[in-house]
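As structure tokens, the structure follows; a few thoughts come after it.
4 protein chains.
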Amino acid sequence: MAKKKVAIVGGTGYTGVELLRLLAGHPNVELSIITSRSEAGRSVSELFPNLRGRLDLCFSEPDTALLKRCDLIFFATPNGTAMQQVPALIAAGSRVIDLAADFRIKDIAVWERWYGMQHACPALVAEAVYGLPEVNRDAVRSAQLVANPGCYVTAVTLGFLPLLEQNVVSVGNLIANCVSGVSGAGRGASVAMLMGEAGESFKAYGVPGHRHLPEILQNLSHATKQEVGLTFVPHLAPMVRGIHATLYARITEAADYQALYEARYQHEPFVDVLPPGAHPETRSVRGSNDCRISLHRPQQGNTLVVLSVIDNLVKGAAGQAVQNMNLMLGFDERAGLDSIALLP
Amino acid sequence: MAKKKVAIVGGTGYTGVELLRLLAGHPNVELSIITSRSEAGRSVSELFPNLRGRLDLCFSEPDTALLKRCDLIFFATPNGTAMQQVPALIAAGSRVIDLAADFRIKDIAVWERWYGMQHACPALVAEAVYGLPEVNRDAVRSAQLVANPGCYVTAVTLGFLPLLEQNVVSVGNLIANCVSGVSGAGRGASVAMLMGEAGESFKAYGVPGHRHLPEILQNLSHATKQEVGLTFVPHLAPMVRGIHATLYARITEAADYQALYEARYQHEPFVDVLPPGAHPETRSVRGSNDCRISLHRPQQGNTLVVLSVIDNLVKGAAGQAVQNMNLMLGFDERAGLDSIALLP
Amino acid sequence: MAKKKVAIVGGTGYTGVELLRLLAGHPNVELSIITSRSEAGRSVSELFPNLRGRLDLCFSEPDTALLKRCDLIFFATPNGTAMQQVPALIAAGSRVIDLAADFRIKDIAVWERWYGMQHACPALVAEAVYGLPEVNRDAVRSAQLVANPGCYVTAVTLGFLPLLEQNVVSVGNLIANCVSGVSGAGRGASVAMLMGEAGESFKAYGVPGHRHLPEILQNLSHATKQEVGLTFVPHLAPMVRGIHATLYARITEAADYQALYEARYQHEPFVDVLPPGAHPETRSVRGSNDCRISLHRPQQGNTLVVLSVIDNLVKGAAGQAVQNMNLMLGFDERAGLDSIALLP
Amino acid sequence: MAKKKVAIVGGTGYTGVELLRLLAGHPNVELSIITSRSEAGRSVSELFPNLRGRLDLCFSEPDTALLKRCDLIFFATPNGTAMQQVPALIAAGSRVIDLAADFRIKDIAVWERWYGMQHACPALVAEAVYGLPEVNRDAVRSAQLVANPGCYVTAVTLGFLPLLEQNVVSVGNLIANCVSGVSGAGRGASVAMLMGEAGESFKAYGVPGHRHLPEILQNLSHATKQEVGLTFVPHLAPMVRGIHATLYARITEAADYQALYEARYQHEPFVDVLPPGAHPETRSVRGSNDCRISLHRPQQGNTLVVLSVIDNLVKGAAGQAVQNMNLMLGFDERAGLDSIALLP
């Protein structure tokens, strides 16, 4: 089978280099184009030396005509960019996966409030499929435009999903205490993300409000068919990769919660429910597309504690985008996503 | 004023070296003895090179007769050791601060269940003063035996205290999501604490039950005069020092929570309530005896989020012990504890 | 083509888990046996959770009869173990790759002095092929017993090789200043490798003498056909993976050194000579089998500086072992070694 | 004795916060002014939360009239700033310590080549005293203008000094292989110093030429009274603080090198010669003004290896500046510099 041609628009950040790594090793696609205004003409392996010898491609100026010839286009651009450029591509029949937030939130007013800009193409938001395969697998297959989920959002949604779908916990006071490595903040120069600032320290941030909150709420409400109350507190840990979500929910209905998780995810290729008593480590998914989950009920009390880990750049971004691409282009859902996590 | 003589029993761990650092720079005491069976005869600065030129002392075999001549004795031994040796010293009139857990839990049955051994001197537990100065300052001053609090316990108790003393939150479903650096696990050889295991990764541990839970419950119940329900989840972060507690409580009574915290701690030398909107970083207390706290009410909902950070080896162990010593020996409470946190 | 069966003797350390990761993803082999006396009966994925869902195998008691049925056996045991067990396997016709040091040093007296034990089978040392494919490719192909090189040794040898083979530098006063991540010290419990000891700090160690010195000298002398003088200083950096060698040599003969390196390694699948002016980072080879090298001549003086990086667990251990296996079993030399380094 | 008034010009970087920490705890001075155009009006403890409760001061606009009233002025500004502002202050009789490079290099042409700008006041360079107390103690006492040494420069100079002063090694081919934590690069936003870039990786940089090279050469030539040849290779380690220098020199004259170091530094308050066989760790000087040095002669060969560690922000910057201030203002040289390194 001839390889499909894919493109990346904007690929100089961490999501970009991770997409490059995964696509360079993918058996069914050929990465034809990667655009970057700032780096046009430069070899990708000069910017990202891990790709030396594995990917012979240069950044190029964006060129819609060339992009249209590709079978699928990834947008790895900052929030607010894809919504400007995607409409023309969609109109031309292209298929697109946006790794930013432009098409994730169905309620335009909510999106505009949290992202602080006016949306350029609300109609496309309605059409876009939210790319969480564990929830929307079939819709993704046939989608023309996929909104790839946020990193925290993926870890929290997969962690809460079985409880909410089965309505066995109180949905008014959920808590998601999340921790991310620094790569989640991207590759832009900033004082806060200097190693001198973020190294050997731990802190919460964005407690008054973080943009992933409305996206999580949308997912959880969809799962439980009710309005959901959630306190979401993100933290920054002194490590490069990984998200760890510690989720708290009050029990409302007795059930074999472990069995419920195992049943929900038994056919999912990338969700791994650990045996009772286990504690997942972020390094157990470093570089892999897995989400590992374990479930606890401390002292047999009325609070369930769910632990959910992903690699923020893989299942939380580029890996999930490749998984969505696999569905859209009819490949094996696992294609190009078989690398085992690097431990230690 | 002549300096008081103090001793450390068992000082080869991280709590020990931190006590050595603080006592070597203390204006009112002279460290006369540090015992260690395994390191007897060896210079402390050979084991801990940061002390070269600052402390000229060798580890010695434990000798009760010599210890009794000291004005105060710190026990920095593993759990279960102090309870064997302290009774004789107490009987001889010595004053003791135990940095381990032997005298922290008033309910002997609870202690024995969580620590897995029979208590050797229950009567002394009843007499011991729990050494959290922010709660027990006066009792500490006159105490003969002080039980120095656990590290997580200090961060969580100081974080919840104003809310519980004022009974403005629901006490049945408190949550303490805590994160510690690796030094909290001590200096004993173990695979789990190798940098190859703990580096660049994040995980929860002890979710089914951690020994600090009963101690926290004891403190919180004491503050609120009711039984308290708490879910406590400790995590390990890839850093050396620091504890960060993220505390969640449901509001039951409206109040100016920020004002309440500021009032409660306004005269406390080592508790710093940050301005509204702030997020404390563990590095802001690295090497210092401070506890920094901030308070949030996300989206003006019904959940309060309290952030509380300490250095686990200082306010969480050796610094708090020195603070207790200062009270017991009539020094300025801040003596020897004026070093400013190392940032970056 | 039917997959070949391979076994690992002793696989509970970092070399072991890395071999497991690489072999689990290898297209031409099936991992049939992994032995460990201490972990017999336990699932490998319980010990190494990154392997969950990718490798369904349990540790077993060593059983020579079963091992003999395998096409190739890896020894990932501590120094001194393989030399006891390998003779019987060799006598039975098995092919073996030893990842420890037992068969690396041809001069038995030297080996015994540095490793502090008597060698159990000096005759096999003479027969063993030193498994550095860039030097011994053809001999490896037909070898029955391969001694897999040390991690520092690989980085230093590949870095110096072109200069020594061409005799363009003084060989009497070479300097190898090397830095390793903590995984190089293995997965055994030790105080020195606790994150509380090795985190956020940097130090040299073993300056009076390190076991990799005689092995490096053997390689360099072989390359230059003369006796070589080398000062080798290893250091420990606060990171998990990676070796960085900074090599210094005095120029004795003018040459286009860059061209010399490019020519020497142009057909090597795993040695990458960077363009002039570059500085390789250890993360550019994290998880990959590459060695990246760059060459500098500061201020056009008489000292050449060569920078050479590898992942100590891949090209420095398990990856090189798989490369050797590929040669021995007639596979593509790159088989199972195509994963791209994880950056960031 | 009334406290002396001191000022800091430009104090928003890591050198600035470290000066603030040391001066806030200094017994003989009062920090009166800290200027910053960008942060004028903001509380220093808002920018640097470790100072909360310890320093009640706001950044202010630079005001020469106010600066002149201080007994001493520190410049913690980027290279090229002090040379513009210092002449007026010197003319007015002020005493100044510049922590940047403006007055370090006596040869103006060399300075201009390495720093890429024209020098604004060459005459002052001639007058400035190079502030390495171990070499220039008496000159510093009476200096009006002190050029505080570079961080790498301090570690390398103190490490080589005894050998060069005694002329027992070859000075034509010295090697300084140095490693720094990320705080050495300052607090300016940059991609290269993001934790996502610098974390969990190790690399050399600036091998073709680093600005500290001419400064080191100036010091070493001064010590040995000859021209010196040096290869200097700086590296970046994934840690926040610390410099480790590994120095290599060829022996030309037999001597008791250990005794030579001990004699040279026996009266130095901040240079600690370790016993034979030791390896200094950077953490043993974290937060302290010490330089710890050990000496090795591997295999009794002809190469000496000197290991020298400092905290780049203390003995490598702010601590050395305070040491110079102590000399200039007639205080005990150790005043305000008695804090013990933080280990672990």
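Residue numbers (the numbering used here), protein chains in the order written: chain A, 1153 to 1496; chain B, 1153 to 1496; chain C, 1153 to 1496; chain D, 1153 to 1496. We put the beta carbon where it would ideally sit given N, CA and C, even for glycine. Small disclaimer: the values here were computed from a predicted structure and weren't measured.
Between the CA atoms of residue j and residue i - distance to the nearest angstrom
i	j	result
residue 1364 (chain D)	residue 1324 (chain C)	29 Å
residue 1153 (chain A)	residue 1330 (chain B)	52 Å
residue 1169 (chain A)	residue 1208 (chain D)	45 Å
residue 1468 (chain C)	residue 1492 (chain D)	39 Å
residue 1440 (chain D)	residue 1461 (chain B)	24 Å
residue 1221 (chain D)	residue 1157 (chain D)	8 Å
residue 1206 (chain C)	residue 1250 (chain B)	48 Å
residue 1254 (chain D)	residue 1433 (chain C)	31 Å
residue 1238 (chain A)	residue 1321 (chain A)	39 Å
residue 1372 (chain A)	residue 1466 (chain A)	22 Å
residue 1429 (chain C)	residue 1446 (chain C)	8 Å
residue 1420 (chain D)	residue 1286 (chain D)	7 Å
residue 1266 (chain D)	residue 1326 (chain D)	21 Å
residue 1289 (chain C)	residue 1172 (chain A)	32 Å
residue 1177 (chain D)	residue 1483 (chain D)	14 Å
residue 1095 (chain D)	residue 1480 (chain D)	The structure shown does not extend to residue 1095 (chain D), since chain D is modelled only from 1153 to 1496, so the question has no answer here.
DSSP-derived helix/strand/coil call for residue i
i	result
residue 1444 (chain C)	strand
residue 1427 (chain C)	coil
residue 1384 (chain B)	strand
residue 1365 (chain A)	helix
residue 1164 (chain A)	coil
residue 1493 (chain D)	coil
residue 1419 (chain D)	coil
Proximity of residue i and residue j at Cβ, strictly below 7 Å
i	j	result
residue 1450 (chain A)	residue 1383 (chain B)	yes
residue 1228 (chain C)	residue 1160 (chain C)	yes
residue 1352 (chain C)	residue 1386 (chain C)	no
residue 1341 (chain A)	residue 1343 (chain D)	yes
residue 1333 (chain A)	residue 1303 (chain A)	no
residue 1455 (chain A)	residue 1413 (chain A)	no
residue 1203 (chain C)	residue 1212 (chain C)	no
residue 1283 (chain B)	residue 1305 (chain B)	no
residue 1162 (chain A)	residue 1338 (chain A)	no
residue 1346 (chain C)	residue 1345 (chain B)	yes
residue 1489 (chain A)	residue 1474 (chain A)	yes
residue 1367 (chain B)	residue 1256 (chain B)	yes
residue 1167 (chain A)	residue 1470 (chain A)	yes
residue 1311 (chain C)	residue 1437 (chain C)	no
Exposure label - residue i; buried when at least 16 CB within 10 Å
i	result
residue 1187 (chain B)	buried
residue 1359 (chain B)	buried
residue 1355 (chain B)	buried
residue 1179 (chain B)	exposed
residue 1404 (chain D)	exposed
residue 1127 (chain A)	With chain A covering 1153 to 1496 only, the question about residue 1127 (chain A) has no answer from this structure.
residue 1472 (chain B)	buried
residue 1252 (chain C)	buried
residue 1235 (chain A)	buried
Query - Segments of 4+ residues assigned as alpha helix (DSSP H) that fall wholly inside the region 1194-1276 of chain D - result: 1196-1199, 1216-1220, 1234-1243, 1260-1267
**Report entry** beta strand (DSSP E) runs wholly inside the region 1328-1362 of chain A, at least 3 long, in chain order
**Finding:** none
Query raised in the report: For the region 1439-1487 of chain D, which segments carrying the beta strand (DSSP E) assignment without a break, of at least 3 residues, lie completely within its bounds, in sequence order?
Result: 1443-1448, 1455-1462
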